[in-house]
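Q:
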Amino acid sequence: MSPDSSDPLYWMRVILASNRRTLVELGISPIVTSGTIMQLVLARSNLEGISVHIRNLVRQTRCDRYT
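For the sequence shown, this note's numbering begins at 441 and goes up steadily by one.
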């Protein structure tokens, strides 16, 4: 049996110097997924930082009014 019949991606692995069952075999999907997750995490932390900043401004404004 030739390598072509047992593994349809044999020549692609030869060109990319890849092994079977690796992230290279999956294509760009893991990179895109991890990028999306990182953007969501950063957006959440930015929103939390903004809400804390707004809360502090409101407290400061209230303190300024009553003092």
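Every residue, glycine too, gets a C-beta built ideally from N, C-alpha and C. Please read these numbers as outputs of a predicted model, since none were measured by experiment.
Output the distance between the C-alpha atoms of ILE490 and VAL454, rounded to the nearest integer angstrom.
A: Answer to the nearest angstrom: the Cα atoms are 50 Å apart.
Q: Identify whether GLY489 lies in helix, strand or coil by the three-state DSSP scheme.
A: Note: GLY489 maps to helix in three-state DSSP.
Q: To the nearest angstrom, report how far apart GLY475 and ARG505 are at their CA atoms.
A: Going from the Cα of GLY475 to the Cα of ARG505 covers about 45 Å.
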